[in-house]
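The numbering used here numbers the first residue of the sequence shown as 1 and each following residue consecutively. Reviewing the structure listed below.
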Amino acid sequence: MTDHAPPTLEQIDACVAGGPFTDSWTSLSGYRVPEWYRRMKFGIFIHWGVYSVPAFGNEWYPRNMYMQGSPEFRHHVETYGPHRNFGYKDFIPMFRAERFDPEAWATLFSRSGARYVVPVAEHHDGFQMYKSAISHWNAYEMGPKRDVLGELCAACRSRGLVMGASSHRLEHWFFMGHGKEFDSDIRDPLEKGDLYWPSMQEPEWHDIDGVPAPSREYFEDWLMRTCELIDRYHPSVLYFDWWIEHGAAKPWIKKLAAWYYNTAAARGEQVVINYKHDAFLFGTAVPDVERGQFAGIKPYVWQTDTSVARNSWCYTEGNDYKTPEELIWNLVDVVSKNGNFLLNIGPRADGTIPDEDAQILNEIGAWLDVNGEAIYDTVPWRSFGEGPTQVEEGQFSDGEAPRYTSSDFRFTAKDDALYVTAMKCSPDGAYCVRALGELDASRKANFHGIIRDVRLLGSDAAVAWSRDGAGLHLHVPARSAKPLVFKLTLD
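Written as structure tokens, this is what we have:
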């Protein structure tokens, strides 16, 4: 981590002009996804900030609390009083993070089996979780009065975890705009640098084309903030939320990508940008599917980000948690399709990680301790898997857990091994993998290779196996609520 003045606009332009990448899609198409990212497969996402204080609804509380008639609006008035007297900024002194222990967080993340960590450095609310020379509205000067991101980077890197950072700054353009519609603490005029600046009002936030484009002044501020974040903390993964797909953002995200790739290359490093939808031209960064996945294998590396809770990315007092089994299914399915799995947790305002989040991470870690060789460093096989359970494709498709059966399998490969993950344990210990059947008179075999050995990861129990035209038959007495992994040694 460096601690000096952020790069100026002139310095950013000079770096981009000097290459090797320039701010054109043609130049950025020369980008290649680093091998380290392909191999890591599993990361931790963290939504933690001032919005963790009210812990109501979700991380969009700072916006929704100013939307008259919303549950958040009513809750805010009933709990904290009128908005003109107690606005979002007044939560900052309550965000003390007095029990924040970055070493304990890093230990938990390492134990979970994660290989990279992506904290939200600045969410839509505009409050930076790091030391900044651009804005005083940051955790180093207010609230915790600690360089939260810097401390976490040091703790995680000391354990071999790769550090990233997430910026949702561009959405701040409109995020607090509803506060101007009534007598609140968000009023005109707002000066540049204010927490609430610019609080632009817009028709509908989800209608990208219907939202007025940010001003040049705002884009310049966004670029300098993002470059300062990169320059100070050297994140190896830079995650952006969806709104960078606004057409007016294209020149700015191209410039940012070129600067990021160039400065990383100057340090001898390879880095990753995660984006959603079609914000970046395909092939210039890594696409991310929010709370969803693809139905089949992709020939390119991609990522899904999802959360331990269905209802929120941040901690709330009523989080609807997923089960560890469901999240392991998700991990296995995504990796079989050439994807990475970024799992979010939401710490409390005091800096403690809820027991439910910690339990989920510990159970995933315990499963990976046994079965991680079927996840890390693997590549997709010719098929991602088989079985009757269909996985819905697309974002926001994680509303219900899939109902896997003992006939659902996922495949990954590494060296001379093919890993067959049984998503659900068979009641009688018998499995049939149709894709690995022998040639018979009625159909062509999917697999003509030679299986030398079959064993169950984490078990000394012998696996009885045979092949015929119906498939590869496996039988093992092991029982588990979580997926079982068979390792096939091939020739």
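Every residue gets a Cβ at the ideal spot worked out from N, C-alpha and C, and that includes glycine.
Whole angstroms are fine: how far does the CA of residue j sit from the CA of residue i?
i: residue 246; j: residue 277; result: 11 Å
i: residue 75; j: residue 54; result: 10 Å
i: residue 214; j: residue 56; result: 29 Å
i: residue 205; j: residue 64; result: A caution first: residue 205 carries a pLDDT of 49, below 50, which makes its placement in the model too unreliable to give a value.
i: residue 404; j: residue 319; result: 24 Å
i: residue 46; j: residue 106; result: 12 Å
i: residue 541; j: residue 439; result: The chain is shown only over 1 to 491; residue 541 falls outside these bounds and no answer can be derived.
i: residue 170; j: residue 390; result: 36 Å
i: residue 161; j: residue 467; result: 42 Å
i: residue 422; j: residue 407; result: 7 Å
i: residue 456; j: residue 42; result: 22 Å
i: residue 193; j: residue 325; result: 45 Å
i: residue 24; j: residue 86; result: 46 Å
i: residue 478; j: residue 352; result: 37 Å
i: residue 469; j: residue 461; result: 26 Å
i: residue 13; j: residue 130; result: 25 Å
i: residue 83; j: residue 95; result: 18 Å
i: residue 362; j: residue 328; result: 12 Å
i: residue 189; j: residue 212; result: 19 Å
i: residue 280; j: residue 35; result: 20 Å
i: residue 180; j: residue 186; result: 6 Å
i: residue 216; j: residue 167; result: 19 Å
i: residue 344; j: residue 44; result: 6 Å
i: residue 237; j: residue 33; result: 11 Å
Take residue i as the anchor and find which of the options has the nearest alpha-carbon.
i: residue 283; options: 225, 163 and 299; result: 299
i: residue 163; options: 222, 232 and 172; result: 232
i: residue 340; options: 168, 167, 315 and 290; result: 290
i: residue 409; options: 394, 401 and 426; result: 426
i: residue 302; options: 288, 313, 235 and 295; result: 288
i: residue 401; options: 473, 411 and 309; result: 309
i: residue 116; options: 101, 151 and 165; result: 165
i: residue 121; options: 112, 139, 185 and 104; result: 139
i: residue 399; options: 347, 330 and 95; result: 330
i: residue 124; options: 313, 382 and 251; result: 313
i: residue 153; options: 268, 234, 142 and 243; result: 234
i: residue 471; options: 32, 435 and 273; result: 435
i: residue 100; options: 347, 285 and 229; result: 347
i: residue 267; options: 248, 239 and 230; result: 230
i: residue 374; options: 357, 392, 334 and 222; result: 334
i: residue 494; options: 487, 450 and 157; result: Within the shown structure, residues of the chain are numbered from 1 to 491, placing residue 494 beyond reach of any answer.
Please look up how many angstroms separate the CB atoms of residue i and residue j, rounded, as I've assumed it's under 8 Å.
i: residue 511; j: residue 419; result: Any question about residue 511 goes unanswered here, given that the chain covers just 1 to 491.
i: residue 159; j: residue 110; result: 5 Å
i: residue 475; j: residue 430; result: 5 Å
i: residue 296; j: residue 337; result: 6 Å
i: residue 285; j: residue 31; result: 7 Å
i: residue 273; j: residue 257; result: 6 Å
Among residues of its own chain, excluding the 5 on either side of residue i, which ones have a beta-carbon nearer than 7 Å to its beta-carbon?
i: residue 19; result: 262
i: residue 264; result: 270 and 271
i: residue 173; result: 198, 200, 214 and 218
i: residue 220; result: 9
i: residue 499; result: Not covered by the structure: residue 499. The range shown for the chain is 1 to 491.
i: residue 259; result: 12, 15, 16 and 227
Whose C-beta lies closer than 6 Å to the C-beta of residue i among residues of the same chain, with five residues either side of it excluded?
i: residue 379; result: 413
i: residue 311; result: 320
i: residue 195; result: 89, 126 and 137
i: residue 453; result: 489
i: residue 91; result: 50 and 53
i: residue 394; result: 292
i: residue 255; result: 16 and 23
i: residue 368; result: 113
i: residue 48; result: 347
i: residue 365; result: 111, 112 and 113
i: residue 103; result: 155
Under a Cβ-count criterion, where at least 16 other Cβ atoms within 10 Å of its own Cβ denotes burial, should residue i be classed as buried or exposed?
i: residue 8; result: exposed
i: residue 359; result: exposed
i: residue 29; result: exposed
i: residue 144; result: buried
i: residue 305; result: buried
i: residue 293; result: buried
i: residue 226; result: buried
i: residue 396; result: exposed
i: residue 317; result: exposed
i: residue 175; result: buried
i: residue 68; result: exposed
i: residue 251; result: exposed
i: residue 385; result: buried
i: residue 355; result: exposed
Confirm the yes/no value for this check: CB of residue i, any heavy atom of the ligand SAH, distance under 7 Å.
i: residue 467; result: The ligand SAH is not among the ligands present in this structure, which contains no ligands whatsoever.
Please work out which residues of its chain come closer than 8 Å, Cβ to Cβ, to residue i, disregarding the five sequence neighbours upstream and downstream, and give them in chain order.
i: residue 481; result: 325 and 425
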